[in-house]
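Chemist:
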Amino acid sequence: MFGVAISAGPLMVLGHGLLSLGAIFTGVVLVVPVIVLAALATWGEFRPNVCDGLFAAFVSAVALSHVLNSAGDVKESALLLMTLALYVAGRVTSGCEARAGVVVVGGAVIAAGVTATAIALVGQWSAPHGKPLVFGEFDAAPVQFAALFGLAVIAVVTSGRLDRPGMAAFNLLVALSAAVFAASMVRFSLLAAVLAASIGILFSGREERRRGILVVGAMVIGIVAGLVVRWDMASIYATHALTAAHAPPVPSGAPVLLQAADLCPKIDIDNSIEIRKQLLFEALRLLPKAGLFGIGPGGFSARSCLPGHEVHNTILQVFVEFGWVAGVLLLALLAAAWSSVSGLARIMADYRFAACALAFVMLLSLVHGRISRDVLLMLMIGLTGHLRQARAGNAEKWMLGENIGPSVESSATLPGPPR
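See the structure below:
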């Protein structure tokens with residue numbers, strides 16, 4: 003069930019695109035894994051820790067912001083509630099089960115996603131939009147599939163369990179998938195995957211490190227190949243990046259959103275980096291005015307020079323819309339989550355996977371983040387809370403030299419003292 007939860011975004015794309023499923027399917031994908039995992043959990047051995055306390059405080063601050071400000075869009079509030087509930091799904095899942103879910107269920111979803119993206123890419127190779135519209139309507143679908151792909155790569159890099167023939171086949175699939183996503187103009191998600199997998203390599207032993215280098219190398223080769231075969235479009239995106247970095251005047255012939263105020267300059271709507279740069283500026287401008295409990299859900303979009311656009315940065319969104327209290331609590335929760343797993347990441351595969359996956363989804367949340375859709379972030383924070391509870395027992399077993407294998411089973415049956 004964890005694999006279904008971690009694949010929620012791509013599953014929604016496939017369900018809506020292939021079967022025309024609607025909002026009910028979205029709710030099922032988000033809610034059913036939480037219900038099933040919570041029902042199967044051994045709650046008698048649950049021991050609250052600092053991650054649970056910070057999460058509860060964060061949810062309370064978000065709820066209070068909703069009460070003090072306008073409730074906002076009902077659909078967004080419902081999505082936010084379902085996304086936050088996924089913390090529970092991660093909290094009751096062991097590291098071994100989480101990695102298996104990512105590889106088995108996630109692998110099948112990735113295969114379908116790569117196929118759908120490749121079909122759309124071939125049919126729209128020269129389209130001016132650059133990013134293929136998967137199923138004719140989802141331009142963000144390649145990013146969703148690439149995020150799950152990154153987690154699967156991290157799961158394998160941090161496990162070190164594949165034999166040589168299996169590793170060779172996996173590396174080939176990694177290169178092909180990375181090439182499809184790179185040719186689809188997926189940029190930051192692939193970069194974040196390379197960085198997070200590299201962290202996994204640094205945390206690994208000598209043999210696992212060598213295999214991890216081969217996997218990351220295959221990914222880099224695939225990325226380069228994807229950019230080369232679609233160089234005309236890649237060069238346009240590179241020009242957009244340089245334009246956004248130097249911020250020269252927008253060419254008169256470029257499509258723009260005309261704004262009269264000085265704080266609302268002309269923005270090239272074909273340049274996603276320039277759009278994000280403007281959104282970041284606006285969020286920072288609103289930050290001092292947010293106050294303790296923010297400007298309310300959806301408040302940023304209503305005040306933006308680019309109506310309908312979100313911040314695309316989860317931390318800034320929380321600070322602006324839900325207030326300084328919620329923002330500080332989220333930062334504290336992320337710090338606690340990282341400290342829960344980083345200490346044992348060098349010696350235990352479950353902790354290594356959780357640390358690298360958390361780093362990966364945190365990077366994604368800084369560029370593609372939206373709290374009501376941050377499924378991966380909530381799941382990984384919940385998983386680190388589970389591993390924090392189990393770490394005392396696991397560390398003791400390791401120090402005593404017990405044969406706990408390359409993947410420590412860190413289920414709820416190994417409760418640690420509250421921290």
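With my numbering applied, the sequence shown corresponds to residues 3 to 421, in that order. Quick reminder that beta carbons are idealized off the backbone N, C-alpha and C, glycines included.
1) Just to confirm, is the Cβ distance from V107 to T119 under 8 Å?
2) Beta carbon of T85, beta carbon of F4: below 8 Å?
3) Could you name the residues that DSSP lists as bridge partners for F140?
4) Checking 8 Å against the spacing of the C-beta atoms, do F362 and A194 come in under that value?
5) Okay, do the region 220–235 and the region 167–179 touch, 3+ Cβ pairs below 8 Å being the bar?
6) Going straight from the alpha carbon of P309 to that of K279, what length do you get?
7) Please report the straight-line C-alpha distance between V33 and T316, rounded to a whole angstrom.
8) What are the complete alpha helix (DSSP H) segments, minimum 4 residues, inside the region 318–400?
9) Express the C-alpha separation of R189 and L229 in angstroms, rounding to a whole number.
10) Fully enclosed by the region 98–122, which alpha helix (DSSP H) runs are 4 residues long or longer?
11) Any beta carbon of chain C sitting closer than 8 Å to that of Q146?
12) Got a sec, what are the start and stop residues for the alpha helix (DSSP H) K279 sits in?
13) Among the candidates L318, F48, W326, V124, whose CA atom is the shortest distance from the CA of G371?
14) Which value, in whole angstroms, describes the spacing of the CA atoms of A339 and L331?
15) Is it a yes or a no for the region 374–388 touching the region 78–93, going by three-plus beta-carbon pairs under 8 Å?
16) In whole angstroms, give me the CA-to-CA distance for G301 and E323.
17) What first and last residue would you give for the alpha helix (DSSP H) that runs through N173?
18) Is it buried or exposed for T44, if we count other Cβ within 10 angstroms and need 16 for buried?
19) Along the alpha helix (DSSP H) that carries K77, what are the first and last residues, could you check?
20) Comparing C-alpha positions only, which one of D352, A357, G29, A334 sits nearest to A80?
21) State the start and end residues of the unbroken alpha helix (DSSP H) segment that holds P12.
22) With a CB to CB cut of under 7 Å and the five nearest residues on each side skipped, what residues in its chain are close to E78?
23) Can you grab the Cα-Cα spacing for the pair R211 / S200, in whole Å?
24) Please report the residue range of the alpha helix (DSSP H) in which F57 lies.
25) Please list, in chain order, all residues of the same chain as G293 whose beta carbon is under 8 Å from its beta carbon, the five residues on each side excluded.
26) How far does the alpha helix (DSSP H) with E47 in it extend, from its first residue to its last?
27) Just tell me which of R213, L13, L335 has its CA closest to the CA of A110.
28) Distance check for V196 and P35, CA to CA, integer angstroms please.
29) For a quick check, are the C-beta atoms of I297 and L286 less than 8 Å apart?
30) Any idea what DSSP makes of R232, helix, strand or coil?
31) Assign K291 to one of three DSSP states: helix, strand, or coil.
32) Give every residue of the same chain whose Cβ lies closer than 8 Å to the Cβ of I8, excluding the five residues on either side of it in the sequence, and list them in chain order.
33) Could you compute how far the alpha carbon of L259 sits from the alpha carbon of S303?
34) Going by beta-carbon coordinates alone, are G202 and V159 separated by less than 8 Å?
35) Helix, strand or coil for S200 per DSSP?
36) What are the start and end residues of the alpha helix (DSSP H) that includes P35?
Modeler: In this structure, then:
1) no
2) no
3) V136
4) yes
5) yes
6) 15 Å
7) 21 Å
8) 326–344, 351–369
9) 10 Å
10) none
11) Judged by its chain identifiers, the structure shown contains no chain C, having just a single protein chain.
12) 274–288
13) L318
14) 12 Å
15) yes
16) 6 Å
17) 166–185
18) exposed
19) 76–93
20) G29
21) 10–21
22) P299, G300, S374
23) 9 Å
24) 52–70
25) G325, W326
26) Run containing E47: none; DSSP gives neither H nor E here.
27) L13
28) 29 Å
29) no
30) coil
31) helix
32) A100, G103, V104, V107, G108, L150, L153, V377, L378, L381
33) Note that L259 has pLDDT 42, beneath the 50 cutoff, so the model's placement of it is unreliable and no number is given.
34) yes
35) helix
36) 25–42
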